[in-house]
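Protein chains in written order, with the numbering used here: chain A, 1 to 116; chain B, 1001 to 1115.
Even for Gly, the Cβ is constructed at its ideal location relative to N, Cα and C.
Keep in mind it's a predicted model, so treat the numbers as computed, not measured.
Data block below; observations after.
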Amino acid sequence: DVKVTQSSRYLVKRTGEKVFLECVQDMDHENMFWYRQDPGLGLRLIYFSYDVKMKEKGDIPEGYSVSREKKERFSLILESASTNQTSMYLCASSLLPTGPGNTEAFFGQGTRLTVV
Amino acid sequence: DQQVKQNSPSLSVQEGRISILNCDYTNSMFDYFLWYKKYPAEGPTFLISISSIKDKNEDGRFTVFLNKSAKHLSLHIVPSQPGDSAVYFCAASAVFGGSQGNLIFGKGTKLSVKP
């Protein structure tokens, strides 16, 4: 059974704090992603990684950084949390595609982050 | 500019009837399309997909249709059940476009199936 696990379901942090969101997958997937979901805006890609120590900016990378030191783990870092980063954060993983038909991404259960 | 568009934020359907969710895309490099279902406070779960070399894929009550010339796909759910009530996201990727497989999502359509 495939599994993507996010370290916390709910987090409350103060403005200015450094926040770490952790994600682990057990499927030996090359790709890992961080999205945020907001009402009316859908899922927006923050960062993704297609290999250890590799990272690519998504659509909304400002205010975030990531770390991928091991293949199974992808961390999202909020350097100085702000209230506009209150959101649902979703981690996902997938195989590196070798052709059409294998880019299905598997998602974790999400972390609801509230910045006060 | 949005590359994947779901223009209906919500849809309400009677139990037993057909639900049709629509999705449009602008990037002609997209060659793989997926539908995800999401319940509140949970991560999205994969529902069904279609490659650009096909125009239809069916899995039980769920069928996805792809019209490449119109850059349009739709998800049909027949018959609709109350448990289908969720937010449905359309997603696309460009496997041969050098995207490394990252998915571009639409904003979602909230489906409500009424008993």
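Assigned exposure category for residue 108 (chain A) - 16 Cβ within 10 Å defines buried: buried
Got a sec: is the Cβ-Cβ distance from residue 1107 (chain B) to anything in chain A below 8 Å? yes
Are there three or more Cβ pairs, one per stretch, closer than 8 Å when the segment 1083 to 1096 of chain B is compared with the segment 67 to 77 of chain A? no
Under a Cβ-count criterion, where at least 16 other Cβ atoms within 10 Å of its own Cβ denotes burial, should residue 17 (chain A) be classed as buried or exposed? exposed
What in chain A is Cβ-close to residue 1089 (chain B), meaning under 8 Å? 42 and 43
Suppose you measure from the CA of residue 21 (chain A) to the CA of residue 52 (chain A); what does that come to, to the nearest Å? 17 Å
For chain A, check one thing: does any of its Cβ atoms lie closer than 8 Å to the Cβ of residue 1041 (chain B)? yes
Chain-ordered residues of the segment 1027 to 1057 of chain B with a beta carbon less than 9 Å from chain A: 1031, 1032, 1034, 1036, 1038, 1041, 1042, 1043, 1044, 1045, 1046, 1049, 1051, 1052 and 1053
Along chain A, in chain order, which residues have C-beta atoms closer than 9 Å to that of residue 1102 (chain B)? 31, 33, 45, 48, 50, 56, 58, 94, 103 and 105
Rounded C-beta distance between residue 1077 (chain B) and residue 1062 (chain B)? I'm assuming under 8 Å. 6 Å
Considering only the alpha carbon of each residue, which of A:71, A:65, A:105 and A:83 lies closest to residue 112 (chain A)? A:83
Considering only C-alpha positions, which residue in the set A:29, A:12 and A:11 is nearest to residue 4 (chain A)? A:29
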